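This report refers to the structure that appears directly beneath it.
Protein chains: 2
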Amino acid sequence: MTADDTRRRGHTAGVKAVAAAAGVSLGTVSNVLNRPELVSPLTRAKVEAAMASLGFVRNESARQLRAGSSRILAYLMLDAGNPFFTDVAKGVEEAARAAGLSVFLCNSNEDAEREADYLDLLEQQRVQGVLITPIDQQSSRLRSLPARGTPVVVVDRAIDDGEHCSVAVNDILGGELAIAHLLELGHERIAYVGGPLTIGQVVDRRDGGRNALRKAGRSEDALIEITTGALTVAEGRGAGQRLAGLPAARRPTAAFCANDLLALGLLQQCVSLGLRVPEDLAIVGYDDIEFAEAAAVPLTSVRQPRQLLGRTAAELLLDESSNPDHEHQRVTFTPELVVRTSTRGALLP
Amino acid sequence: MTADDTRRRGHTAGVKAVAAAAGVSLGTVSNVLNRPELVSPLTRAKVEAAMASLGFVRNESARQLRAGSSRILAYLMLDAGNPFFTDVAKGVEEAARAAGLSVFLCNSNEDAEREADYLDLLEQQRVQGVLITPIDQQSSRLRSLPARGTPVVVVDRAIDDGEHCSVAVNDILGGELAIAHLLELGHERIAYVGGPLTIGQVVDRRDGGRNALRKAGRSEDALIEITTGALTVAEGRGAGQRLAGLPAARRPTAAFCANDLLALGLLQQCVSLGLRVPEDLAIVGYDDIEFAEAAAVPLTSVRQPRQLLGRTAAELLLDESSNPDHEHQRVTFTPELVVRTSTRGALLP
DNA sequence: GCTCGCCTCTGAAAGGTTTCAAGGTTGTGG
DNA sequence: CCACAACCTTGAAACCTTTCAGAGGCGAGC
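Note that the protein sequences, when read in sequence, are chains W and E.
The opening position of the first sequence corresponds to residue 1 in my numbering, with each subsequent residue numbered one higher.
The opening position of the second sequence corresponds to residue 1001 in my numbering, with each subsequent residue numbered one higher.
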């Protein structure tokens, strides 16, 4: 076979070829790979030499087929472009590496169809387990996976259906903190910017805000809802456009955004249309991503323990797939308000 | 077998079980899956019913073992936390989906060991191909992969070793644009912030800057190098600390950063230490990520066609793995300077 | 009534690895 | 010189899917 054939045909040398080249049996080659201590040093050296000279690469499919499951764990992210989720992913990877597993990241990009496709794919791949920040947690696919043997841990959403572990941050409390802060500053007309409402976080954070209004003796309906099509900077700019277009007398004096991307877009658009932040419009974001602090006007935001979220989720998953007495858990962390310039101007009259 | 057994043992029903349940042969089940038009409607219905009731899930490992290669393509990113790379990833995914493939993302996080681990893993998985923004393009692993049958396309780096395709943006030109812009504004003491020097982009952008100096009749050594340990916001802040600590007479009046994360960190730290941007320090970033425009002082930056980069890379990879007459190509795009407030203050004397 | 062709279905083989019971070798103690 | 243990190595079986040559059934045409 020529070098050209190799290139075209792809991987070629298997255990069998190595065994033949080294003059030993298949089993011995396998032992060199998996339990080298059982093999005499001489034989091992011969086999290793043969592997090197043939360019042997283990075929993970075959290995997995035999073993029944893989050494890979997947994190299906809601939006890979949002630094919040990449920070969560870092935590996941840290925990996985500590346990000797690798992580594949998948991006559903807030698209239910892609989410479904990836879930199917991962199940077919027989990954060790799936971490997911779901678009729609009612999805039937989400339920069927654990029932068929692929553990699933829900990240950044609380869920209590007895099928999954979940790791979340109390989004209702987070929303409450944000709106309470704005009320304390004297704001009366407050907007909530977020969407779509199929995303649980969007709803919870809004409901938390409503709670704060109620506790302050105001009507829930006081919260002016501006619904966006996604949680992105671009949608934030669109919301800014809408807000800035209102006559000053009716325009909200403060906006609470469902995440920092929206807040940054909103901030940018409003500033460029001549509104002053926080004097004309105070803004609160959510997630406290690294860029929130570096924004045009440093952003007040609700901070979540991002890496811890990921690490904890991965640890629960590992427990689920290795501990026969595993019990599903629902872990909830507590968010924290970080106040910066975007709300810290002069109090309103 | 009880439901509990299923949960513990994992996926269980295979083609064989489905065949038995439907009263047909293995081959027929396979035909239902792969060439349904060959199967009579009646039989097909029976088989589909059996699959549904047994919760059959295709075993991708076995499938792949038989087929020899998978329907998956991987993008090994330099830093998943950098929005530049997630935008590239979006382009990759777009092209892959159009061709019916899925994408797994891996994050080397600027760590050579992790990069190597992932490359091994992906080769063992027999992925269709690997897209990579490498830390060290001399790495032997990078060379051995294509030789053994896994196509590799290098993204955001030009490379010309006859082993890979590559898709890049002209970083030398980008550096030149940035420094030329600063020179035009009258800056004399200009810093270059970037590192480590093992990363090709860091070196090219610096060298481009030196070119600009030379063309302006100045010495290359005029470029004050501030070397960082990574291309992150945190390192940018550190560089800001160092810069701001210099006596004003020796402090550079402008800084060109190897990417926007550094620039944003630098900007933030300098502002918080009381320097005015651009009056005391003009800043140019690189990549023009979405957050550059929304920064405390909107950032002048060198823009690259991010999604296009990813899409093109994926297309080259697909061609390489499907077209027997494939020729390796080196595609280079041209960057573009986007001027914003961070350099647009009053000209210096 | 026979042949031919078409349509549908069958079942064995292959693909690369791991496991494991069993076989072989070497060396020690009696 | 034998028995037995300790240590290595062997090779068949199993994992699950896909493929493909061919078997079987049926209707049409002669």
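Just so you know, even glycine gets a beta-carbon here, dropped at the ideal spot from N, CA and C.
All figures in this text were calculated on a predicted structure; none of them were measured in a lab.
Where residue i falls: helix, strand or coil (DSSP)
i, result
"ILE1135 of chain E", "coil"
"ARG1035 of chain E", "coil"
"GLY174 of chain W", "helix"
"ASN343 of chain W", "Note that residue 343 of chain W corresponds to Thr in the displayed sequence, not to Asn. If DSSP states are grouped into helix, strand and coil, THR343 of chain W belongs with the helices."
"THR86 of chain W", "helix"
"GLU1279 of chain E", "coil"
"ILE179 of chain W", "helix"
"VAL1203 of chain E", "helix"
"VAL1024 of chain E", "coil"
"THR1227 of chain E", "strand"
"ALA1295 of chain E", "strand"
"PRO349 of chain W", "Bear in mind that a pLDDT of 42 at PRO349 of chain W, under 50, signals an unreliable position, so the number given afterwards is only what the model happens to contain. Looking at PRO349 of chain W - three-state DSSP - the assignment turns out to be coil, as it is neither helix nor strand."
"ALA1248 of chain E", "coil"
"GLY14 of chain W", "coil"
"VAL29 of chain W", "helix"
"SER40 of chain W", "coil"
"ASN211 of chain W", "helix"
"SER1219 of chain E", "coil"
"SER140 of chain W", "helix"
"LEU1185 of chain E", "coil"
"ASP161 of chain W", "coil"
Within-8 Å CB hit, residue i to chain E
i, result
"ASP87 of chain W", "yes"
"ALA255 of chain W", "no"
"GLN124 of chain W", "yes"
"VAL153 of chain W", "no"
"VAL15 of chain W", "no"
"VAL233 of chain W", "yes"
"GLU188 of chain W", "no"
Any C-beta of chain W under 8 Å from that of residue i
i, result
"PRO1083 of chain E", "yes"
"ALA1080 of chain E", "yes"
"GLN1064 of chain E", "yes"
"GLY1055 of chain E", "yes"
"ARG1058 of chain E", "yes"
"CYS1106 of chain E", "yes"
"GLN1138 of chain E", "no"
"GLU1176 of chain E", "no"
"GLN1268 of chain E", "yes"
"LEU1121 of chain E", "yes"
"ALA1296 of chain E", "yes"
"PHE1291 of chain E", "yes"
"GLU1279 of chain E", "no"
"ARG1148 of chain E", "yes"
"SER1301 of chain E", "no"
"GLU1225 of chain E", "no"
Bridge-paired residues (DSSP) for residue i
i, result
"LEU1073 of chain E", "E:VAL1103 and E:GLY1129"
"SER166 of chain W", "W:VAL154 and W:ARG330"
"GLY1285 of chain E", "E:SER1301"
"ALA1313 of chain E", "Partner(s): none; ALA1313 of chain E has no beta bridge."
"VAL256 of chain W", "Per the sequence presented here, residue 256 of chain W reads as Phe, with Val not at that position. Answer is W:TYR192 and W:VAL284, bridged to PHE256 of chain W."
"GLU352 of chain W", "With chain W running from 1 to 349 in the structure shown, residue 352 of chain W is simply not present."
Rounded separation between residue i and residue j - CA only
i, j, result
"ILE283 of chain W", "THR341 of chain W", "9 Å"
"VAL103 of chain W", "GLU1110 of chain E", "16 Å"
"ARG1063 of chain E", "GLY1208 of chain E", "49 Å"
"CYS1165 of chain E", "LEU264 of chain W", "37 Å"
"ALA1049 of chain E", "ALA1022 of chain E", "8 Å"
"ALA1168 of chain E", "LEU1119 of chain E", "21 Å"
"GLY91 of chain W", "ARG97 of chain W", "10 Å"
"ASN59 of chain W", "LEU1122 of chain E", "10 Å"
"ASP1221 of chain E", "ILE1190 of chain E", "10 Å"
"ASP280 of chain W", "PRO1247 of chain E", "38 Å"
"GLN1128 of chain E", "SER1144 of chain E", "15 Å"
"ALA1239 of chain E", "GLY1245 of chain E", "10 Å"
"GLU163 of chain W", "ARG237 of chain W", "39 Å"
"GLN201 of chain W", "VAL1047 of chain E", "41 Å"
Distance between beta carbons of residue j and residue i, contact taken as under 8 Å
i, j, result
"ARG1148 of chain E", "SER1069 of chain E", "In fact, because the Cβ distance is near 13 Å, the residues do not count as touching under 8 Å."
"ASP1343 of chain E", "PRO1278 of chain E", "According to the sequence provided, residue 1343 of chain E is Thr. The question's Asp does not apply to it. With a Cβ gap of about 5 Å, THR1343 of chain E and PRO1278 of chain E count as contacting."
"LEU1213 of chain E", "ILE1179 of chain E", "6 Å"
"ILE1135 of chain E", "ALA1158 of chain E", "ILE1135 of chain E to ALA1158 of chain E, Cβ: 16 Å. No contact."
"LEU1173 of chain E", "PRO1335 of chain E", "6 Å"
"VAL155 of chain W", "VAL88 of chain W", "6 Å"
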